[in-house]
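Notes follow the structure.
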Amino acid sequence: MVREDGKRNFVLREEDGTETSVFSGSMPRQAALKAARRLDPADSEEEAQSSAVEIRLREKGTDKVHIFDAWAWESSAPEDKPGWMEGSITKGNVSKKGIEHLEE
Numbered sequence: 001m002v003r004e005d006g007k008r009n010f011v012l013r014e015e016d017g018t019e020t021s022v023f024s025g026s027m028p029r030q031a032a033l034k035a036a037r038r039l040d041p042a043d044s045e046e047e048a049q050s051s052a053v054e055i056r057l058r059e060k061g062t063d064k065v066h067i068f069d070a071w072a073w074e075s076s077a078p079e080d081k082p083g084w085m086e087g088s089i090t091k092g093n094v095s096k097k098g099i100e101h102l103e104e
């Protein structure tokens, strides 16, 4: 279901079918990137990508489940970072695997 601001809500589905966190975005990938940043970060992007985790996001109001490989890594903050930002940040990336439809 599309909200008034054009964004859609996606629920993170666990392997057993339980649904936990809600992420919003105008596209499924945008929500998946937000979910990826919550993963335990690796030391480098290469190390993180080799141990990618599958995440499933169900679009609220539909039977579509978007499936992604996701990974996260620690990176140093940019030079022009604001004063409140820490010295390291977590970055994430995803690769779409496909869409499934629930039969519930």
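full-length UniProt numbering puts the sequence shown at residues 1 to 104. Using N, Cα and C, we set each Cβ at its ideal position, and we do this for glycine too.
Ranges of the beta strand (DSSP E) found wholly within the UniProt region "Disordered" (76-104), counting only runs of at least 3
88-101
So, helix, strand or coil for Leu12, using DSSP?
Of the three classes helix, strand and coil, the one that applies to Leu12 here is strand, per DSSP.
Using CA atoms only, rank isn't needed, just tell me which of Met85, Val2, Arg13, Met27 is closest to Arg58.
Arg13
Under 8 Å between the Cβ atoms of Ser75 and Lys91?
yes
Could you check the C-alpha separation between Ser26 and Glu86 for me, to the nearest Å?
28 Å
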